[in-house]
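Have a look at the structure below before the remarks.
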Amino acid sequence: MLCREDYTALFRPNEYRQIKLALTLKESTTVLLGYGLGDDNVLTAFDWSRNVFDEEIKSYPSEVIQVVRMHEPKDKPYRGHNGALILEVKNLETFFAELIPYVEHRKKIEKDLSEKLEKVRDSLVKKPEDAVERFIDDKTFRAVTLSIINNSDYAPLVDGFIPFFEKCIDKTFERSLPFGAFAGYAEGLLIVLDIIETYGATHMPPALFHKIATALHRQTPYIGAKNGQSHKAGKIWEQRKHKLPIRQLNELRIYAQSKGWREVVALLKFAPLVADDPSDAGAFL
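Numbers 470 to 754, taken from the numbering used here, label the letters of the sequence shown in order.
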């Protein structure tokens, strides 16, 4: 709790401790109980969160909800002049009596989801052998798995997928060891392209991006129609490269340039380094 004497006197833009409320309003969904946005303390922090720290952070839902006690509360919430969502209630006891069952219900949903995600993680980490083969060979299983990982904020699942992905790429190279067995290179390329398309123009986790780039570097010499290359991989690349998100291609090319991976840079040279709309896959066609 911040009092007027505390916040007004100690507000210093260059000290994190004194701007913590402003950052909280910027980066989190915040419910104000007993504090109105007419209060100088909160009003100052709210203004800073919207006008000083004005960089958009899409990852953080940052709604400000103000619960106000009224003798005759309105049935529906509404927006105040400052953009806050205002919810009128008769008293806090009634408000929490209605809120707590919903919170408990949401907690149960989150718990069930976490248990399901934990099972998915276990299948990838604890006993990956069968999952590796299935991930490579079963397009539907691969698509569902990638969709779950891409839409999940469950960090252990994402962390567990990265070594699993490396095992899959290693397996595709292992399949290509026999003389004339080039199909494995195409299978590995399909995995890389599916992951890039699944994440779209959004930023994939840096650790996963590094592994994707490394896998593509390993695969590039075998993509094409020359002797010693996988013709199937070459056809897959030509068919799908124009559907890949420009932002990811740009980042991969810049990363490859920094590593001195000339073959990867050459493979990606068809994509422009700058696009008007980076989220528009195929905008350069």
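For each residue, glycine too, the CB sits at the ideal point set by N, CA and C.
Predicted model only: the values in this text are computed from it and were never measured.
query	result
Span of the beta strand (DSSP E), counted from its first residue to its last, around E458	As shown, the chain starts at 470 and ends at 754. That puts residue 458 outside it, with no answer to give.
S616 (DSSP reduced to helix, strand or coil)	helix
Limits of the unbroken alpha helix (DSSP H) element including Q708	H700 to R709
Exposed unless 16 or more other CB atoms sit within 10 angstroms - verdict on I723	exposed
Residue range of the unbroken alpha helix (DSSP H) whose run includes L658	A652 to Y668
Distance between T513 and A478 (C-alpha atoms, nearest Å)	Note that A478 scores a pLDDT of 48, beneath 50, so its modelled location is shaky; the value from the coordinates is reported in the next line. Approximately 12 Å between the Cα atoms of the pair.
Cβ pair T614, V594 closer than 9 Å	no
8 Å CB neighbourhood of R548 in its chain, flanking five on each side removed	L554 and I555
Same chain, Cβ closer than 8 Å to L737, neighbours up to 5 away in sequence not counted	L718, L721, R722 and A725
Through-space distance from A600 to D639, alpha-carbon basis	14 Å
As assigned by DSSP and simplified to three states, the class of T755	Nothing about residue 755 can be read from this structure; the chain reaches only from 470 to 754.
Cα-Cα separation, K577 to M673	29 Å
Status (buried if at least 16 other CB within 10 Å, exposed otherwise) for K680	buried
Buried or exposed by the 16-neighbour rule on C-beta atoms within 10 Å, applied to S748	Because the pLDDT at S748 is just 44, under 50, the model does not fix this residue reliably, and the point stays unresolved.
Beta-carbon proximity check, A694 vs F651, cutoff 9 Å	no
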